[in-house]
Amino acid sequence: MSFLSVVLDGKAMPAEEGIAFWKRFSAWMEEHPGDLGGFAKSEGLASVHPEMVDGAPVLVASHTAAQKGYTTAPKRETKGKRRN
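Numbering-wise, the sequence shown is residues 0 to 83 according to numbering that gives the first Met the number 0.
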């Protein structure tokens with residue numbers, strides 16, 4: 000299983016918190032397909048959106064950034080650096 004990371008306000012969440020966040024995200028999306036904004040609100044956040052960073056899934060969450068619409072996760076490379 001690949002590491003499921005979460006970046007909150009530009010800072011990586013600790014692994015255990017990130018995995019728990021991903022589990023809540025997955026459960027929410029199962030019941031509310033495409034409702035990223037609803038999940039963000041349920042977590043007390045302004046936005047949550049998925050990205051692919053160096054080939055691994057990352058949830059990018061923010062208390063201030065505007066919510067983006069549901070779409071295919073953008074892909075980013077960090078020039079050899081993996082986010083945790």
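Positions of the beta carbon are idealized from the N, C-alpha and C atoms, including for glycine.
Here the structure is a predicted model, which means the values were calculated and not measured.
Using the C-alpha atoms, what's the distance from A55 back to G33?
As a first step, residue 33 is located in the sequence shown; it is residue number 34 there, counting from the start. As a first step, residue 55 is located in the sequence shown; it is residue number 56 there, counting from the start. If I take the Cα positions, the gap works out to 20 angstroms.
Tell me the residue span of the alpha helix (DSSP H) that contains A95.
Here the chain comprises residues numbered 0 to 83, so residue 95 is not present and cannot be evaluated.
Looking at the structure shown, is K10 part of a helix, part of a strand, or coil, going by DSSP?
What you label residue 10 is simply residue 11 of the sequence shown in a count that begins at 1. The answer is strand: DSSP assigns K10 an E or B state.
V50 bridges to which residues according to DSSP?
Sequence index remark: in the sequence shown, residue 50 carries index 51 (1-based). Per the sequence shown, residue 50 should be read as Glu rather than Val. Bridge partners of E50: V57.
Would you tell me roughly how many angstroms separate the C-alpha atoms of S41 and H62, rounded to the nearest one?
Translated into the one-based positions of the sequence shown, residue 41 becomes position 42. Translated into the one-based positions of the sequence shown, residue 62 becomes position 63. Their Cα atoms are separated by approximately 12 angstroms.
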